[in-house]
Amino acid sequence: MSSEPNVTRVTSDGVDWLASAGAYPRGTRALREERPGAPVVLPCGTVFDVVSAPAIFGRRMLDRLWEDGPGSGPVAVFRGRVLLFSAPGTAQRLPSLLAWEEWGSNRTEAVPPLLCHGTGDAVTVPAPVGGEAPGDARWLVAPDHRHPWLPGPEVVLWAAVRAARAAVRISIFPPADQGAKVYDVSRRR
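Using the working numbering, you'd call the opening residue of the sequence shown number 364 and step up by one each time.
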């Protein structure tokens with residue numbers, strides 16, 4: 364069992380990793396140094412993808428990843444959503460995995476819409492040390508390595524299914540009839 368990291372500030376190596384996602388890494392790094400409290404918009408699809416979940420459900424997914432699973436890569440909160448940084452290709456593969464698991468149409472109350480940001484998309488990344496971002500933009504698990512581990516689509520699916528099952532108890536048995544008579548048959552001869 365892993366324990367959740369206490370990394371809420373982006374390290375210098377983490378800034379380098381984030382900057383490497385941009386078309387001009389040196390310019391992104393210079394902007395970070397000039398305005399360290401400002402959020403930055405970075406493209407997805409080459410260095411990372413991002414799976415965006417509603418705040419409460421996203422936190423449940425994060426809890427599953429750290430309590431029962433392999434942990435997570437960087438995770439941020441921005442405008443009421445949890446942003447799970449994932450391996451490139453996750454945004455393309457995860458929707459079909461969710462559909463295959465039948466968590467799309469008939470169980471919409473269990474798994475809320477997950478927004479998958481991949482190639483051609485961009486996300487707003489909170490500042491390394493907090494600052495000017497509106498609302499609740501902050502890091503829950505900040506990038507602290509030049510090559511952080513990023514969960515793939517299967518791991519994100521696993522976390523989403525576990526979070527949904529924890530939120531809505533699913534049973535294959537019908538509820539017990541409260542007025543039924545129960546007989547003890549353990550003492551039969």
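Ideal Cβ positions, reconstructed from N, Cα and C, are used throughout, including at glycine.
Check: Considering only their Cβ atoms, is the gap separating Arg395 from Val492 smaller than 8 Å?; Outcome: no
Check: Helix or strand or just coil, what does DSSP make of Trp512?; Outcome: coil
Check: Skipping 5 residues on each side, what residues in its chain have a beta carbon closer than 6 Å to that of Thr482?; Outcome: Gly408
Check: Could you give the residue range of the alpha helix (DSSP H) that holds Pro388?; Outcome: Pro388 to Glu397
Check: Answer with buried or exposed for Val488, where buried requires no fewer than 16 other C-beta atoms within 10 angstroms of its C-beta.; Outcome: buried
Check: For Ser459, does the count of other Cβ atoms within 10 angstroms reach 16, so buried, or fall short, so exposed?; Outcome: exposed
Check: Using 10 angstroms around the beta-carbon of Arg423, count the other beta-carbons present and answer buried if the total reaches 16, otherwise exposed.; Outcome: buried
Check: I'd like the span of the beta strand (DSSP E) that includes Ala500, first residue to last.; Outcome: From DSSP, Ala500 is part of no beta strand (DSSP E); its letter is neither H nor E.
Check: Restricting to Cα atoms, I'd like to know which of Leu477, Arg444 and Leu381 is closest to Val524.; Outcome: Leu477
Check: Just to confirm, is the Cβ distance from Leu513 to Phe448 under 8 Å?; Outcome: yes
Check: Beta-carbon separation of His480 and Asp412 under 8 Å?; Outcome: yes
Check: Using DSSP's beta-bridge definition, name the partner residues of Phe448.; Outcome: Val413
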